[in-house]
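Protein chains in written order, with UniProt numbering: chain A, 1 to 301; chain B, 1 to 301.
Below you can see the structure in the form of structure tokens.
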């Protein structure tokens, strides 16, 4: 089928590489510089020291016109508003299935006004690192979870799930809320802690004091987010720290490179929930402002 | 009068330089290396690019025998136990006036069993930087507050106060509890925040997000420590941040140089108070463990 990928970041480029195997793919990017580079040189995909150079269809997002049956939105949450604006202007959106891969849950309310056929949401568990505008490294095998958020015509999602790609599995999840919550709590604990402390993920388990905070902070978050199976979720969280122990989290990398972080999508949402439920959130509040302050410092350099 | 200064750190060396003007001073140090260097080369005292080299009497603390009328203890709080052990062994301590210059308030309970004539406590507001074992720089003019903790024979303190030294004032405070609390709250806010964030003191006022935490954290501390005039204390705290805006706090420097910090003397004490009063202390707990964890990381390098 025809698939449009919106976003030329690490996940967008990863999707472009893998989905090309079975589908007709086009990547939509924001910058002319990136489009020109990809058009001229193709995409460089690297995994375990093996480098593949391939041709990928690429266009500017400003020229997008909803021609694809499935549209995967792989931009950061804070870039979503401009994408949604263009979606709303399109009179062909009702024929499309949209799949949103953002972190957090704050964006869900923005999706309600879209008149697409089906709206799906997903979470990615891949490790990927974009080192140039047209060069992505697949650093960690994972999967993409997806779930239907609205609509019941799921033929495009069914097709995606029915045509497995080696080393790039999709997994269907019945409960979108549970799926996003699980990812949110992982992001909300690991990202801010590692970013404030400037440590690799594994240190949250190894350092006694950091581990104490890790546990206390999880307690606060799981209460605010009303996680049903706290023990299981906590084991999942520990497991991810262990598997990614040598990684620097995405938020830490964002701060390192003076980019905006996803703190609003992650802890901003948690703080809204806490306010709504009138719950105390001292840890969340603390880490929210520590990261916002660090973002602000970084932006000045 | 005869004054013994215990501790060859930055404050100990600063005291040695200034008190020599009117008194017979001897510095007691722990390391033979430092003693030998000071005995051979003298003390280098530097202020505003002016360097003074002078002879200072120096001995090993292990040879100390309570010969001085006034003994000023200028070691870190975590080094106090070994000093107190030697004090307890001395049968001449009852003739001495002791002045303790430690941060925090956790050490007060340790002082109760000493049978000295008078026990005074003090807080220092000087900026000083020891760059070699026998070289100290006076980086910021300040004063030493002192107050009587126990005993009423204050002749030695009166003599100290009666003989003013240029650029090195002593100030008498009626209420030792109030005096130590004021210093504790300044240390408890500025030190952990700047050390976790790796920023200069002034950034706690300039960065909106850090400033928000600065205020919230002060609220928690002033409740736990039962500060009487919260507004005045807060203005004092802001004032110190402003005056020292270009400084890196002592705790930040300790972490930078992989030394132990004074976190137990400062926030350890606050957490004990909170527990005693059954008060929530999420910020204090959080910063306590962030610093302890960072100390642990640093210690491994």
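Each residue gets a CB set at the ideal place from its N, CA and C atoms; glycine is no exception. These numbers were taken from a predicted model, which means no experiment stands behind them.
- Per DSSP, the beta bridge partners of residue 59/B are 28/B.
- By the criterion of a C-beta distance shorter than 8 Å, residue 74/B is surrounded in its chain by 5, 6, 7, 9, 11, 12, 15 and 101, once the five residues flanking it on both sides are discounted.
- Taking 9 Å as the cut-off, the beta carbon of residue 199/A is found closer than this to the beta carbon of residue 297/B.
- Around the beta carbon of residue 258/A, a 10 Å sphere encloses fewer than 16 other beta carbons of the protein chains shown; the residue is thus reported as exposed.
- For residue 196/A, the enclosing alpha helix (DSSP H) stretches over residues 176-197.
- C-alpha of residue 41/A to C-alpha of residue 103/A: approximately 31 Å in a straight line.
- Residue 203/B is classed as buried because its beta carbon has at least 16 other beta carbons within 10 Å across all chains shown.
- The DSSP-derived three-state label of residue 66/B is coil.
- Scanning 93/A, 44/A and 62/A for the CA closest to the CA of residue 132/A turns up 44/A.
- Interface annotation, residue 282/A: in contact with chain B, CB-CB separation under 9 Å.
- A direct Cα-Cα distance of roughly 59 Å separates residue 126/A from residue 35/B.
- For residue 111/A, DSSP assigns no beta-bridge partner whatsoever.
- Excluding residues up to 5 positions away in sequence, 44 lie with their Cβ nearer than 7 Å to the Cβ of residue 51/B in the same chain.
- Within 8 Å of the CB of residue 207/A, the CB atoms of chain B belong to 293, 296 and 297, in sequence order along the chain.
- What residue 269/B touches in chain A, judged by beta-carbon distance under 8 Å, is nothing: the nearest beta carbon there is about 17 Å away.
- Annotation for residue 60/B: 35 place their beta carbon closer than 6 Å to its own, counting only its chain and skipping 5 residues before and after.
- Distance from the Cα of residue 65/A is smallest, within the candidate group 96/A, 146/A and 234/A, for 96/A.
- Think of a sphere of 7 Å around the beta carbon of residue 212/A: the chain B residues whose beta carbon falls inside it are 289, in chain order.
- When 8 Å is used as the limit between beta carbons, residue 189/B is near no residue of chain A, the shortest such separation being about 14 Å.
- Listed along the chain, the chain B residues whose CB falls inside 9 Å of the CB of residue 197/A are 196, 290, 293, 294 and 297.
- A Cβ-Cβ distance of about 5 Å is found for the pair residue 291/B and residue 263/B, placing them in contact under the 8 Å criterion.
- Listed along chain A, the residues sitting closer than 9 Å to residue 286/B by beta-carbon distance are 213, 216, 217, 282, 283, 286 and 287.
- Residue 25/A sits close to residue 56/A, with the two beta carbons spaced by under 9 Å.
- Setting aside the 5 residues that flank it on each side, residue 189/A is surrounded in the same chain by 214, 217, 218, 221 and 237, each with a C-beta closer than 7 Å to its C-beta; the list follows chain order.
- Take residue 93/B, set aside five residues on each side of it, and the residues of its chain with a beta-carbon closer than 8 Å to its own are 66, 87, 114, 115 and 116, in chain order.
- For residue 203/A, the nearest CB of chain B lies under 9 Å from its own CB, placing it at the interface with that chain.
- Taking the Cα positions, residue 235/A is about 27 Å away from residue 76/A.
- Taking 9 Å as the cut-off, the beta carbon of residue 268/A is found closer than this to the beta carbon of residue 106/A.
- Its Cα nearest to that of residue 178/A, the residue 230/A stands out among 119/A, 230/A and 244/A.
- Assignment of beta strand (DSSP E) within the stretch 262-300 of chain A, counting only whole runs of 3 or more residues, yields no such run.
- Boundaries of the alpha helix (DSSP H) around residue 84/B: 80-89.
- As the crow flies, the alpha-carbon of residue 182/B is around 54 Å from that of residue 138/A.
- Beta-bridge analysis with DSSP links residue 136/B to 45/B and 130/B.
- Note on residue 192/A: 16 or more other CB atoms within 10 angstroms of its CB, so buried under the neighbour-count rule.
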